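Trainee: Mind looking over this structure? Questions follow.
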Amino acid sequence: MEHKLLLELLLEGVRDTLWMTLGSTAIGYLFGLPLGIVLTVTDQNGIRPNMVLYKILDGIINLVRSIPFIILLVLLIPFTRLLVGKSYGTVATIVPLVVCSAPYIARMVESSLKEVDPGVIEAAKSMGASDWDIIFRVLLVEARTSLIVGATITAGTILGYTAMAGCVGGGGLGSTAIQYGYYRWNTPIMIATVALIVVIFQLLQAIGMKIAKVTDHRA
Amino acid sequence: MAVIKVQQVNKTYEQKGEVVQALTDINLTIEKGDIYGIIGLSGAGKSTLVRCLNYLEKPTTGQVLVDGVDLGSLSKKELRQKRKEIAMIFQHFHLLMQKNVLENVCFPLYLSGMKKEKARERARELLDMVGLLSKATSYPAQLSGGQKQRVAIARALACNPKILLCDEATSALDPQTTASILELLQGIHDRLGLTVVVITHQMSVVETICNKVAIVSEGRIVEDGMVDAIFSHPKSKEARELLQETHTKGISPKEECSIGA
Ligand SMILES: Nc1ncnc2c1ncn2[C@@H]1O[C@H](COP(=O)(O)OP(=O)(O)OP(=O)(O)O)[C@@H](O)[C@H]1O
Ligand SMILES: [Mg+2]
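For the record, the sequence lines run as chains P and V. To get the working numbering, take the position in the first sequence, counting from 1, and add 277. To get the working numbering, take the position in the second sequence, counting from 1, and add 5.
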C-alpha cells in the first residue's frame, strides 16, 4: 500500500512536470516566436527597421526578464487568479511560466534569426521576395537548427522553473520534493524526485539536440 | 533602346556622422545583348553600383532606368515584380543551406506562386541545363564552389530574366572552375539573348567574355567603351594598371607597383 502510493505520487509528479514544462514552452513560443520575429525585422539592420517599435519591445522584454522568477510568481498571483480562477495547481503555474519564458524565448529567437547570412536575404530580395517571403521562406528555414536548439535550452530552463513554482503551490515533482523532502524530511522521496527531474532534463535535451542534428543540412 | 541606363547616380553612406561617397556621377548605358564588364579594385564601388541596378541599394541622387522604366518611380510591389526580370548571382553564391539543390532552384518559382509539381519540373530542366541534374537531391554543403555557382545560375534563370547581374561570380573559384563558369555564362547569353553585367576585379574575366567594359576607381567611371579598344589603347592610368596586372601574373605586388609607376 505504502509503495503503491509512493509510485502514484511520483508518476503524478512526472506527469504534471512534463505537462507544465512542455505546455509552458509551447504557449511561450506562441508569444515569443512572433515577438522574436518582430525584433529581428525591426532592428536597424533588419528588413524593415523601426527604431521606435524595436526600442519599446526591447525595453519591455528587458524589464520582464530582470524580475527574478520567484518574485514574478508572487507578483502575478492576482493576474493568474483572474485568468484561470485560482492561483495554485498545475494550470495556474503555467501562467507565470509563460510570462517569464516568452521574453526569454523572444531573445533566443531574435539571436537565432540574426545568425542567418545577410547575403541569402539579399539574394531573396533580388528575386523579388516580399518581407513575408523572407520571414517564412528564408529566416525561419535557415535558422531552423538554431531555433530547435534554442527551444531545447528553453524547455530545460522552464523545467527548472517548474520546480521553483512547486514552492508556492504549483504541482509537479518540485512540489513533491518540497512537501516530502523539505517539510517532512523524507529523504528517499526527495532523492527519487531529484533523480526523476534529472532524467527528464536529460531526455528533453537529448531528444531536442537529436532533432536539431537530424534536420541540419549544413554539413 | 538601352536595357539599362544609369543617369547621374551618386550614392553616399552615412556612418556615425561620417559621410562616405561610394559613387560619384555615374553614367552608364548597357544595350540589349551586351556582356558588360565593370572592373575596379577592392572598395572602388562596384558592388554598390551593381546593387543600384536592381535597387537593392537606392541611389542618393540620379536615376536607374531598366527598359526605360525609372526604378525610383516604382512602388514596393512593382519593384519586386521588376526584380524578377533582373536576376543576380554572387561571389559567395547565397544558396539556402537548409534546402536541397532542387528546392533552391524552385525558390524563385514559389515566390512567383508556381505550384510545387510544376516548379520542380522547371527546376529539373534548369539543373539539366547547368549540368547538375544528378545533384538535385544534394545539399549545397555537399557541393564544390563551382557546382554551387551553377545552382545559383540555374536559380537566377528560373523566372526567365532579361538581365543577369554577376557580382564577382568567379572570384571565389580557381582558374579552371572560373573558365567553366564563364563558358556557361557565355553559352546562356548566346542561347537566351540575355543582357549580362559582370562585376570583377580580374581583367582576364573581362577579356574572356565581355564586349564592353567600364573601369571604376574611387566611385567614378574613369573609362568605358568596347573591350577591344580599351585593351589596345587604354587611356586612363587605372586601365593601364589593370592591364599590366593581368599581363604580369606571377610577379609580386611590390614589383608590379614599380612597373606600373
Ligand atoms: N552599407 C555601407 N555603409 C557604409 N559604407 C559602405 C556600405 N557599403 C559600401 N560602403 C563603402 O562604399 C565603398 C564601395 O564599396 P563596394 O562594396 O561597392 O566596393 P567594391 O568595389 O564592391 O569592393 P570589393 O571588390 O571589395 O567587393 C567602400 O568604401 C565601402 O566602405
Ligand atoms: Mg564588391
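A virtual CB, placed ideally from N, CA and C, is assigned to each residue, including glycine. Nothing here was measured: the structure is a model prediction, and the numbers come from that model.
Between Glu173(V) and ligand 2, is the CB less than 7 Å from at least one heavy atom?
Mentor: Walking along the second sequence from the start, residue 173(V) turns up at place 168. Yes, ligand 2 has a heavy atom inside 7 Å of this Cβ.
Trainee: Does any C-beta atom of chain P lie closer than 8 Å to the C-beta of Lys63(V)?
Mentor: Translated into the one-based positions of the second sequence, residue 63(V) becomes position 58. No, no contact with chain P.
Trainee: Assign Ser78(V) to one of two classes, buried (16 or more other C-beta atoms within 10 Å of its C-beta) or exposed (fewer than that).
Mentor: Sequence index remark: in the second sequence, residue 78(V) carries index 73 (1-based). Exposed, because fewer than 16 other Cβ atoms sit within 10 Å of the Cβ of Ser78(V).
Trainee: Could you tell me whether the Cβ of Arg421(P) comes closer than 8 Å to any Cβ of chain V?
Mentor: Taking the first residue of the first sequence as position 1, residue 421(P) is located at position 144. True, the Cβ-Cβ gap to chain V drops below 8 Å.
Trainee: So, helix, strand or coil for Ala442(P), using DSSP?
Mentor: Sequence index remark: in the first sequence, residue 442(P) carries index 165 (1-based). If DSSP states are grouped into helix, strand and coil, Ala442(P) belongs with the helices.
Trainee: Could you list which residues in chain P have their beta carbon closer than 9 Å to that of Asn165(V), in chain order?
Mentor: To locate residue 165(V), count along the second sequence from 1; it is residue 160. Going along chain P, no residue has its Cβ under 9 Å from Asn165(V), so there is no contact; the nearest lies around 13 Å.
Trainee: Mind checking whether Leu334(P) and Val315(P) have CB atoms under 8 Å apart?
Mentor: Translated into the one-based positions of the first sequence, residue 334(P) becomes position 57. Translated into the one-based positions of the first sequence, residue 315(P) becomes position 38. The answer is yes: Cβ separation under 8 Å.
Trainee: Short check: CB of Leu374(P) to CB of Ala420(P), under 8 Å?
Mentor: As a working mapping, residue 374(P) is identified with position 97 in the first sequence. As a working mapping, residue 420(P) is identified with position 143 in the first sequence. Taking 8 Å as the Cβ cut-off, Leu374(P) and Ala420(P) do not qualify as a contacting pair.
Trainee: What is the DSSP secondary structure of Ile324(P), counted as helix, strand or coil?
Mentor: As a first step, residue 324(P) is located in the first sequence; it is residue number 47 there, counting from the start. Reduced to three states, the DSSP call for Ile324(P) is coil.
Trainee: Counting along the chain, where does the beta strand (DSSP E) carrying Ser407(P) start and finish?
Mentor: For this step, residue 407(P) is matched to residue 130 along the first sequence. Ser407(P) -> no beta strand (DSSP E), and no H or E assigned at all.
Trainee: Whole angstroms is fine: what's the gap from Ser149(V)'s alpha carbon to Ile44(V)'s?
Mentor: Here residue 149(V) refers to the residue found at position 144 when the second sequence is read from its first residue. Here residue 44(V) refers to the residue found at position 39 when the second sequence is read from its first residue. Ser149(V) and Ile44(V) have their alpha carbons spaced roughly 26 Å apart.
Trainee: Quick check on Val386(P) - is its C-beta less than 8 Å from some C-beta in chain V?
Mentor: Residue 386(P) sits at position 109 when you count from the first residue of the first sequence. Chain V, which has no Cβ nearer than 8 Å to the Cβ of Val386(P), makes this no.
Trainee: Could you pull the start and end residues of the beta strand (DSSP E) that Phe95(V) belongs to?
Mentor: By 1-based counting over the second sequence, the position of residue 95(V) is 90. Looking at the DSSP string, the run of the beta strand (DSSP E) that includes Phe95(V) is Ile91 to Phe95.
Trainee: Would the stretch 354 to 367 of chain P and the stretch 429 to 449 of chain P be scored as touching if the rule is three or more Cβ pairs under 8 Å?
Mentor: yes
Trainee: Please report the distance separating the alpha-carbon of Gly405(P) from that of Met208(V).
Mentor: For the purposes of this step, residue 405(P) is taken as the residue at position 128 of the first sequence. For the purposes of this step, residue 208(V) is taken as the residue at position 203 of the second sequence. Gly405(P) and Met208(V): Cα-Cα distance of roughly 31 Å.
Trainee: Against chain P, with Cβ distances strictly below 8 Å, would Gln208(V) count as a contact?
Mentor: Locating residue 208(V) in the second sequence gives position 203, counting from the first residue. Reading the sequence as shown, one finds Met at residue 208(V) and not Gln. Answer no: the Cβ-Cβ gap between Met208(V) and chain P never drops below 8 Å.
Trainee: Return the residues of the stretch 397 to 425 of chain P that lie within a Cβ-Cβ distance of less than 8 Å from chain V, sorted by chain order.
Mentor: Val397, Glu399, Ala400, Ala401, Lys402, Ser403, Met404, Gly405, Ala406, Ser407, Asp410, Arg414, Val415, Val418, Glu419, Arg421 and Thr422
Trainee: What I want to know is whether the C-beta of Ser222(V) ends up closer than 7 Å to one or more non-hydrogen atoms of ligand 2.
Mentor: Working through the second sequence from its first residue, we reach residue 222(V) at position 217. No, since every heavy atom of ligand 2 falls outside the 7 Å radius drawn around the Cβ of Ser222(V).
Trainee: Taking 8 Å as the CB-CB limit, is Ser263(V) close to chain P?
Mentor: Here residue 263(V) refers to the residue found at position 258 of the second sequence. With a pLDDT of only 39 at Ser263(V), under the threshold of 50, the placement of this residue in the model should not be trusted, and no figure is reported.
Trainee: Where does Lys242(V) land, buried or exposed, given buried means 16+ other C-beta within 10 angstroms?
Mentor: Here residue 242(V) refers to the residue found at position 237 of the second sequence. By the neighbour-count rule (16 or more Cβ atoms within 10 Å), Lys242(V) is not buried but exposed.
Trainee: Spell out whether any CB of chain P is found under 8 Å from the CB atom of Gln103(V).
Mentor: As a first step, residue 103(V) must be located in the second sequence, where it is residue number 98. Yes, because at least one Cβ of chain P sits closer than 8 Å to the Cβ of Gln103(V).
Trainee: Considering only heavy atoms of ligand 1, does any lie closer than 7 Å to the CB of Gln20(V)?
Mentor: What you label residue 20(V) is simply residue 15 of the second sequence in a count that begins at 1. Result yes, Cβ under 7 Å from ligand 1.
Trainee: Pull up the distance between the alpha-carbon of Tyr18(V) and that of Thr66(V), whole angstroms please.
Mentor: On the second sequence, position 13 is the one that residue 18(V) refers to. On the second sequence, position 61 is the one that residue 66(V) refers to. The alpha-carbon atoms of Tyr18(V) and Thr66(V) are separated by roughly 12 Å.
Trainee: Considering only their Cβ atoms, is the gap separating His97(V) from Ala177(V) smaller than 8 Å?
Mentor: As a position in the second sequence, residue 177(V) is number 172, starting the count at 1. As a position in the second sequence, residue 97(V) is number 92, starting the count at 1. Yes, the Cβ-Cβ distance between Ala177(V) and His97(V) is below 8 Å.
Trainee: Taking DSSP's pairing of strands, which residues face Val415(P) in a bridge?
Mentor: Position 138 of the first sequence, counted from the start, is the residue given in the question as residue 415(P). DSSP, once it has assigned bridges, lists no residue as partnering Val415(P).
Trainee: Taking 8 Å as the CB-CB cut-off, is Asp320(P) touching chain V?
Mentor: Reading the first sequence from its first residue, position 43 is the one you call residue 320(P). It does not: the Cβ of Asp320(P) has no partner Cβ on chain V nearer than 8 Å.
Trainee: Would you please verify whether the beta carbon of Ala489(P) is less than 8 Å from any beta carbon of chain V?
Mentor: The residue you call residue 489(P) lines up with position 212 of the first sequence. With 8 Å as the cut-off, Ala489(P) does not count as an interface residue toward chain V.
Trainee: With distances taken Cα to Cα, identify the nearest neighbour of Thr302(P) among Val415(P), Ser389(P), Ala432(P) and Gly449(P).
Mentor: Residue mapping note: residue 302(P) aligns to position 25 of the first sequence, counting from 1. Considering only alpha carbons, the answer is Ala432(P).
Trainee: Using 8 Å as the cut-off, can you tell me whether the stretch 88 to 104 of chain V makes contact with the stretch 384 to 397 of chain P, which would need three or more C-beta pairs spanning the two stretches below that distance?
Mentor: yes
Trainee: Per DSSP, what kind of secondary structure is Cys377(P) in: helix, strand or coil?
Mentor: The residue labelled residue 377(P) in the question sits at position 100 within the first sequence. In this structure, DSSP gives Cys377(P) a helical state, which the three-state scheme calls helix.
Trainee: Who are the neighbours of Val495(P) on chain V, taking C-beta pairs under 9 Å?
Mentor: As a first step, residue 495(P) is located in the first sequence; it is residue number 218 there, counting from the start. Looking at the sequence provided, one finds Arg at residue 495(P) rather than Val. What Arg495(P) touches in chain V: Met102, Gln103, Tyr144, Pro145 and Ala146.
Trainee: Under 7 Å from any heavy atom of ligand 1, does the C-beta of Val24(V) make it?
Mentor: Here residue 24(V) is taken as the residue at index 19 of the second sequence, counted from 1. Answer for Val24(V): no, Cβ out of range of ligand 1.
Trainee: Just mark Glu23(V) as buried or exposed, buried being the case when its beta carbon has 16 or more other beta carbons within 10 Å.
Mentor: Mapped onto the second sequence, residue 23(V) falls at position 18. Exposed.
Trainee: Would you tell me roughly how many angstroms separate the C-alpha atoms of Glu260(V) and Val202(V), rounded to the nearest one?
Mentor: For the purposes of this step, residue 260(V) is identified with residue 255 of the second sequence, where counting begins at 1. For the purposes of this step, residue 202(V) is identified with residue 197 of the second sequence, where counting begins at 1. Residue placement at Glu260(V) is flagged as unreliable, the pLDDT there being 39, under the threshold of 50; a coordinate-derived value is accordingly withheld.
Trainee: Hey, is Gln20(V)'s beta-carbon within less than 8 Å of any beta-carbon in chain P?
Mentor: In the second sequence, counting from the first residue as 1, residue 20(V) sits at position 15. For Gln20(V), the answer is no, since every Cβ of chain P falls outside 8 Å of its Cβ.
Trainee: Distance check for Pro239(V) and Arg245(V), CA to CA, integer angstroms please.
Mentor: On the second sequence, position 240 is the one that residue 245(V) refers to. On the second sequence, position 234 is the one that residue 239(V) refers to. Cα-Cα distance, rounded: 6 Å.
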